[in-house]
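What follows is one structure encoded as structure tokens, with my remarks underneath.
In UniProt numbering, the protein residues as written are 1 to 209.
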């Protein structure tokens, strides 16, 4: 059993320390990371703990470094908030705000389809977030239902920026190995690396709401 006290009054607890968070349950697992529901012992808030699997020789995966650096600079109501980063010799954990579900699960829970009001609500929020990152010359490059979080209040949060890139980097250096297969535009499926914000727009249009 543990207890918490308000920020600044928790002796021995600080941001950036693994012991400041308690893992509650596993939410999911991907090719390079596992995500857990957790709680901050600093302020009692629920959080999502994304534990990155370290590569023995290479250390921290570059996708994790990219995601953390981008999200530290992207503050928007419809982009998942990065609260903290915990880096030790053997692990890297990104601490995010906790959002109850994702669009994939939400759609599974509504097999008859979404109410038109909810479709408009989700699309408005998604396009608002997309416009925000595109205005900063950032491509998400992996928009799909699993990477769009939905709160109990109907708030949509864009997440998983591991494949995101700044468009200021010359386009010939971009990869065609982006976006989950079913959400790739035809030219990228055929190997094109000459793409821009239209890549993300195509992914949005393939969502079956």
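Built from N, CA and C at the ideal position, the CB exists for glycine as well.
Boundaries of the beta strand (DSSP E) around residue 96: 92–97. The three-state secondary structure of residue 79, taken from DSSP, is strand.
Looking at the backbone, the Cα of residue 129 and that of residue 202 are separated by about 15 Å. Secondary structure at residue 63: helix, using DSSP grouped into helix, strand and coil. Remark: three or more beta-carbon pairs, one from each stretch, lie closer than 8 Å, so the region 86–94 and the region 45–59 are flagged as touching.
Taking the CA atoms as reference points, residue 46 sits about 6 Å from residue 40. In this model, residue 74 and residue 119 are separated by some 25 Å (Cα to Cα). For residue 158, the three-state secondary structure derived from DSSP is strand.
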